[in-house]
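Residue numbers (our numbering), protein chains in the order written: chain Z, 2 to 277; chain G, 130 to 427.
Even for Gly, the Cβ is constructed at its ideal location relative to N, Cα and C.
Note that this is a predicted model, so its numbers are computed, not measured.
Shown next, in the form of structure tokens:
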């Protein structure tokens, strides 16, 4: 390669790098803001856009707020069940997307997965509300969990599908030739291979379900109120910095959880390597 | 390579495979049934009741086009068209911002590449609502961005962005940027390096080889990114409400008002069906654009 074009390429890369840095700064600006402003004194118990001084009180305030705590509890429970369902159903969907013997079925399932991701949440939320009100089904924890699973299922399915695509089909054939039934093949050969993807799917479903606002806002009741819906409601009166303190705590908790999951993933990967 | 394993049902492996079919069908049926119950059938209800009539505190089955007539006239038509315009421009902006970032990540190697990609995805591990609320702080008068602009002398005086369309676009690009980077990145790393080298060897400049090789090859990634950003933007509810003030009501807000405030379920359903139709049109266009790329996008 000639020198000038190499220089041009390096110049191009430098510009791209600069762009990337700006994008990351753009993405992180509100995160940093929310953390910093959870220490903001504020004014008259409300959050202010001008920083008025540092305090730790809002964390205590958030902890002592009973309705906030209840909302966190509901969110933890709902996203736990949603993640459990998403792992079971999403994993089998992700596997079927790659391995189902009938190509037409694979296509239909793949279309379904994309539909889950792209139908606007407002439409899903209102449809569910309409559905439950017409069928006179009482809103509660089960309807909330069922409502937030489709998105989590789609995310899990796509992650597991990516894992299943790298799965060597001959491994399954070999297991079958050696007399393993389909169930044993899946349990002893496929599942260990897909474990990292399944775990990653579980984690993402949990995080996405915990954060769901739009669908949940149509399905919550006065007694079943999730954290995002509670926060959204509190905006009408001007949020207190305690809301930011609660979000910061949840963020730290999530990052610790993700870190642990990453560690687990590495362990699984290391254990799985010699078998390859 | 020829298939080595026997396929006739008489052989042990084949018999196992036939028995295994049942399990494979279960793996397909389980998600299909669950999603039918909690997703497809409720959407079907919306379609059916969009032809119904709102009654006092409820909804009745009927076959009338009144709801559509109402949804496609006056204020609601304006908000429908405005929503489509917002989603299209928001999606294009998002792709423009995401593409160079994805290209930069794709040009790195190994662990560095993964780390740079993960960094873009970190926002998904924080609360979406809090991030949008933080944009309120950032963009408000007397907020950090105004302070920064004043201190650096880039712009004197107060910043009047919050509660405008600009703020809504900032929010839309912000919220959907990571999900736009990922599919573009995935396609970019699959473009064989040899192809780029060949174009350079044949005398193309860095820019020419980007324009004639890399960009056309990344079409499926761009289409997926457009699908994952532009389509959900059609129903966006929170960002316009928090950053756009009450100016310029979009479809998401208008629909949710029919359900939560005025309880005109039938009208709300008709508006939701219109959004679904817009979604379908967008998907059809994007599928056409990527025809012949099934292998790459798979």
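Step through the CB atoms of chain G and report whether any lies within less than 9 Å of the CB of residue 115 of chain Z.
-> yes
C-alpha gap between residue 50 of chain Z and residue 242 of chain Z, whole angstroms = 11 Å
Nearest-angstrom Cα separation, counted from residue 166 of chain G out to residue 320 of chain G = 40 Å
Residue 320 of chain G, DSSP secondary structure in three states = coil
Got a sec, what are the start and stop residues for the beta strand (DSSP E) residue 182 of chain G sits in?
-> 182 to 184
Pick helix, strand or coil for residue 44 of chain Z, following the three-state DSSP scheme.
-> strand
Run the CB neighbour count on residue 264 of chain Z, radius 10 Å, all protein chains shown included, and call it buried at 16 or more, exposed below.
-> exposed
Proximity winner among Z:187, Z:159 and Z:160, relative to residue 172 of chain Z (alpha-carbon distances) | Z:187
Listed by chain order, chain G residues near residue 108 of chain Z by CB distance under 7 Å | Under the 7 Å cutoff, chain G gives no residues; its nearest Cβ is about 10 Å from residue 108 of chain Z.
According to DSSP, is residue 332 of chain G helix, strand or coil?
-> coil
Residue 259 of chain Z (DSSP reduced to helix, strand or coil) = helix
Minimum C-alpha distance to residue 113 of chain Z - residue among Z:234, Z:97, Z:26 and Z:176 = Z:97
Are the region 256 to 263 of chain G and the region 229 to 236 of chain Z touching, with three or more C-beta to C-beta distances below 8 Å?
-> yes
Looking at C-beta atoms only, is the number of pairs between the region 136 to 155 of chain Z and the region 190 to 202 of chain G that lie closer than 8 Å three or more?
-> no
If you draw a straight line from the C-alpha of residue 229 of chain G to the C-alpha of residue 131 of chain Z, how long is it?
-> 43 Å
Under the rule that 16 or more other beta-carbon atoms within 10 Å means buried, what is residue 437 of chain G, buried or exposed?
-> Any question about residue 437 of chain G goes unanswered here, given that chain G covers just 130 to 427.
Does the beta-carbon distance from residue 124 of chain Z to residue 404 of chain G come in below 9 Å?
-> yes
Identify which residue in Z:58, Z:102, Z:128 and Z:72 has its Cα closest to the Cα of residue 178 of chain G.
-> Z:128
In chain order, which continuous runs of the beta strand (DSSP E) of length 3 or greater are located wholly inside the region 147 to 233 of chain G?
-> 182 to 184 and 187 to 189
May I ask you to list, following chain order, the residues of the region 122 to 133 of chain Z that have a beta carbon less than 9 Å from some beta carbon of chain G?
-> 122, 123, 124, 125, 126, 127, 128, 129, 130, 131, 132 and 133
Residue 350 of chain G burial status per 10 Å Cβ neighbour count (16 or more: buried) = buried
Residue 235 of chain G to residue 247 of chain G span [Cα, whole Å] | 13 Å
Hey, does residue 391 of chain G have any beta-carbon neighbour from chain Z nearer than 9 Å?
-> no
Take the Cβ of residue 215 of chain Z as the centre, count every other Cβ of all protein chains shown within 10 Å, and call the residue buried at 16 or more, exposed below.
-> buried
What's the C-alpha gap between residue 347 of chain G and residue 412 of chain G?
-> 18 Å
Around the C-beta of residue 341 of chain G, are 16 or more other C-beta atoms found within 10 angstroms, so that it is buried, or is it exposed?
-> exposed
Taking residue 175 of chain G as the query, report the chain Z residues whose CB atoms sit under 9 Å from its CB, ordered along the chain.
-> 124, 127, 128, 131 and 132
Assuming residue 244 of chain G contacts residue 313 of chain G under a Cβ cut-off of 8 Å, what Cβ separation, rounded to an integer in Å, is found between them?
-> Residue 244 of chain G to residue 313 of chain G, Cβ: 18 Å. No contact.
Residue 181 of chain G versus Z:135, Z:29 and Z:69, residue with shortest Cα-Cα distance = Z:135
Based on the DSSP secondary-structure assignment, which residues constitute the bridge partners of residue 55 of chain Z?
-> Z:41
What is the residue span of the alpha helix (DSSP H) that residue 151 of chain Z lies within?
-> 142 to 166
Determine the DSSP secondary structure at residue 65 of chain Z, reduced to helix, strand or coil.
-> helix
Nearest residue (CA-CA) to residue 24 of chain Z, options G:382, G:224 and G:365 | G:224
At a Cβ threshold of 9 Å, is residue 225 of chain Z touching chain G?
-> no
Sorted by chain position, which residues of the same chain lie with C-beta nearer than 6 Å to residue 266 of chain G's C-beta, five sequence neighbours on each side aside?
-> 272
Would you mind reading off the limits of the alpha helix (DSSP H) that contains residue 187 of chain Z?
-> Residue 187 of chain Z -> no alpha helix (DSSP H), and no H or E assigned at all.
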